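In the numbering used here, the protein residues as written are 1446 to 1628.
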């Protein structure tokens, strides 16, 4: 994810960003999709490419390539309890480590167009993640989903929100089982 030069974040910002990332992971693990959805911006982009995250997401193959509207539809489907590929919902636990955060853009704190009081603060955050999924609705096997996650976080009305999430699976170039849950 490029977008100009980046700058280090301060200690307080780093702690706030890490807390956001850990909270986002817990909400996804526990299928609290309404609360998870409240963490995203109106222009959210959620991408799980079928290979390295290079170039334009629309130009290559993806396992998931959702804009905000498609993401809302995915969440509504999961919340119905009738998404048979996730009935019952898979118990999941994710380990998130190696969180690194940098301020995105030129660091000038311009308005960023978010309309909030945060001065347009935007961050690029990377982390290593492993999702442990027990596929109870099919094989009852433990699936591992290791990957590198890149978030673009933006301050909206003083609160951090997720404007983008890209999950580069270690196994992206291999055949994948069902990916109906949030990574």
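Beta carbons are placed, not taken as given, at the ideal position from N, Cα and C, and that holds for glycine. As the structure is a prediction and not an experimental result, all values here were calculated from the model.
Below 8 angstroms between beta carbons: does that hold for residue i and residue j?
i, j, result
"residue 1537", "residue 1577", "yes"
"residue 1517", "residue 1545", "no"
"residue 1506", "residue 1478", "no"
"residue 1575", "residue 1493", "no"
"residue 1572", "residue 1466", "yes"
"residue 1598", "residue 1462", "yes"
"residue 1489", "residue 1521", "no"
"residue 1500", "residue 1617", "no"
"residue 1541", "residue 1470", "yes"
Nearest CA to the CA of residue i: which residue from the options?
i, options, result
"residue 1614", "1458, 1604, 1594", "1594"
"residue 1534", "1469, 1612, 1606, 1473", "1473"
"residue 1458", "1498, 1547, 1508", "1547"
"residue 1502", "1480, 1610, 1542, 1468", "1610"
"residue 1583", "1600, 1460, 1622", "1622"
Using the C-alpha atoms, what's the distance from residue j back to residue i?
i, j, result
"residue 1570", "residue 1585", "33 angstroms"
"residue 1554", "residue 1566", "Residue placement at residue 1554 is poorly supported in this model, since its pLDDT is 42, which falls under 50; the coordinates still yield a value, given next. If you take the alpha carbons of residue 1554 and residue 1566, they lie about 6 angstroms apart."
"residue 1498", "residue 1508", "12 angstroms"
"residue 1454", "residue 1608", "18 angstroms"
"residue 1619", "residue 1549", "32 angstroms"
"residue 1487", "residue 1476", "21 angstroms"
"residue 1464", "residue 1504", "33 angstroms"
"residue 1587", "residue 1525", "24 angstroms"
"residue 1603", "residue 1460", "15 angstroms"
"residue 1606", "residue 1568", "10 angstroms"
"residue 1543", "residue 1456", "15 angstroms"
"residue 1590", "residue 1539", "9 angstroms"
"residue 1511", "residue 1452", "28 angstroms"
"residue 1515", "residue 1600", "23 angstroms"
"residue 1592", "residue 1480", "23 angstroms"
"residue 1491", "residue 1468", "17 angstroms"
In this structure, how does DSSP classify residue i when only helix, strand and coil are distinguished?
i, result
"residue 1566", "coil"
"residue 1494", "strand"
"residue 1452", "strand"
"residue 1466", "helix"
"residue 1516", "helix"
"residue 1473", "helix"
"residue 1571", "strand"
"residue 1549", "coil"
"residue 1524", "helix"
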